[in-house]
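Enquirer: The sequence shown: position 67 = 535 (my numbering), numbered continuously. The C-beta atom is built at its ideal place from N, Cα and C for all residues, glycine as well.
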Amino acid sequence: MPSFFRFPFLLASAGGVGTAVYVAKSLYKDDEVKKVTGGDIPKKPKMIKSVIFDFDGIIVDSETIFYQANAEACAHFGGDYTLEIKHAQMGRNLSDAVECVLRRSGLSEKNVTEKVNF
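#1: Can the beta-carbon of Tyr-549 be found closer than 8 Å to that of Val-528?
#2: Taking only the alpha-carbon atoms, compute the straight-line gap between Ala-593 and Gln-536 and give it to the nearest angstrom.
#3: Relative to the alpha-carbon of Leu-575, which residue among Gly-546, Val-519 and Ser-563 has its alpha-carbon at the smallest distance?
#4: Pick from Glu-531, Val-519 and Ile-526: whose alpha carbon is nearest that of Leu-551?
#5: In the DSSP assignment, find the alpha helix (DSSP H) that holds Phe-534 and state where it starts and stops.
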């Protein structure tokens with residue numbers, strides 16, 4: 469499924485005038501994508517009353533939660549997750565961040581995988 473179908477929007481399609489593709493609330497199920505006619509499309513969109521943007525630390529302090537979760541996970545596998553490691557992994561993509569944590573915390577992917585599969 470194309471990535472733009474992962475959002476709950478009404479999208480114009482190449483099916484002809486007055487047709488569209490609607491993606492239901494479940495964002496990844498193909499069976500919930502259906503074709504609708506122009507009569508099914510709302511004539512006037514509802515006014516958006518408010519939008520909430522949550523930057524880390526405004527509503528939810530996700531940085532602290534993230535740090536604690538990583539520290540507990542590393543400790544569970546015998547490693548040490550420090551603030552220095554947290555700072556070193558910031559700004560990296562997921563695979564690079566995981567590699568950074570494994571290397572700096574004294575863990576190896578092999579040891580973690582063996583303990584998880586045990």
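Expert: Per the coordinate set shown:
#1: Not closer than 8 Å, so no.
#2: It is not possible to answer for residue 593, since the shown part of the chain is limited to 469 through 586.
#3: Measuring from the Cα of Leu-575, the nearest candidate turns out to be Gly-546.
#4: Nearest to Leu-551 by alpha-carbon distance, out of Glu-531, Val-519 and Ile-526, is Glu-531.
#5: Run containing Phe-534: 530–544, per the alpha helix (DSSP H) assignment.
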